[in-house]
Amino acid sequence: MENQEQNFCAYCAHQYQPTDAFCNTCGYPLQGKPQEQKHFIANRATKEIDLIALNKKIERACESLYWVAGILTVSFTFLYFVGPTQEDPTVFFLTAVIIIGAFLALGAWSKQKPAAAIISGLSLFVVLLLVDAIVQPSSIFSAFVFKILVIIFLVKGIMAIFEVEKIKKELNIK
Ligand SMILES: [Zn+2]
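Under this note's numbering, the first residue of the sequence shown is numbered 1006, with each subsequent residue one higher.
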């Protein structure tokens, strides 16, 4: 008779079998002591707060791709019109458009695939810094704080994405 009863998880309200020790959906200790059940709920709440903070970091990393595009637009425009005469203005202009376009595209792409977009953005940014440092060694210290901040935001974003994946797996969220 008891097997006919419908049981619903106290945490996520999904149905479970009377023989289940843990909820299949959320992992709630169905047969656990009240202490364990309380601990489960508290732990889950903490993780959900962590998720909010991590998602903010990912958002900031995605935004910093747009920041890079914006700052590069300003500095390329400055160099194009005010800076030292370019050897080949057309090549300079096209290079600038491609690089700025790439960061804009990555910013847009990061809405769907944050991990891939941020990792690509970070790689591209580091490559550009290296090229710049080789071509123009004095450039290493120009806009130094900006460069460091971009790298920090992007790296933190990548770390946050992995952390979110881990927590989501633990919490069984898709
Ligand atoms: Zn549950």
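Ideal placement from N, C-alpha and C gives every residue a C-beta, glycine not left out.
The structure presented is a predicted model; accordingly, all values stated were derived computationally and were not measured.
Distance cut-off 6 angstroms: residue i Cβ against heavy atoms of ligand 1
i	result
Thr1078	no
Thr1024	no
Tyr1071	no
His1019	yes
Tyr1085	no
Thr1082	no
Thr1030	yes
Cys1014	yes
Under 7 angstroms between C-beta atoms of residue i and residue j
i	j	result
Thr1078	Ile1105	yes
Ala1074	Phe1097	no
Phe1081	Ala1066	no
Leu1059	Ala1138	no
Environment of residue i [buried if 16+ CB atoms lie within 10 Å]
i	result
Leu1099	exposed
Phe1045	buried
Tyr1085	exposed
Phe1158	buried
Ile1063	buried
Ile1178	exposed
Leu1154	exposed
Ala1122	buried
Leu1135	exposed
Val1169	buried
Met1006	Because Met1006 sits at a pLDDT of 45, beneath the cut-off of 50, its placement in the model cannot be relied upon, and the following sentence gives the value as read from the coordinates. Counting Cβ neighbours within 10 Å, Met1006 comes out exposed, since fewer than 16 surround it.
Lys1152	buried
Option in the options with minimal Cα separation from residue i
i	options	result
Lys1171	Ala1110, Leu1056, Ala1047 and Cys1014	Leu1056
Glu1175	Leu1134, Leu1070, Thr1095 and Tyr1033	Tyr1033
Val1150	Lys1118, Ile1076, Trp1114 and Asp1093	Ile1076
Gly1162	Ala1120, Leu1129 and Thr1030	Ala1120
Pro1023	Leu1035, Tyr1016, Thr1030 and Cys1031	Leu1035
Asn957	Cys1014, Gln1042, Pro1039 and Lys1116	Missing from the structure shown is residue 957; the chain here goes from 1006 to 1179 and no further.
Phe1130	Val1087, Ala1165, Glu1053 and Val1160	Val1160
Glu1068	Ala1113, Ser1128 and Phe1167	Ala1113
Gly1126	Gln1117, Leu1111 and Val1140	Leu1111
Legend entry - Entirely enclosed alpha helix (DSSP H) segments - the region 1078-1115, minimum 4 residues: For the region 1078-1115, whole alpha helix (DSSP H) runs of length 4 or above, ordered along the chain, are 1094-1114.
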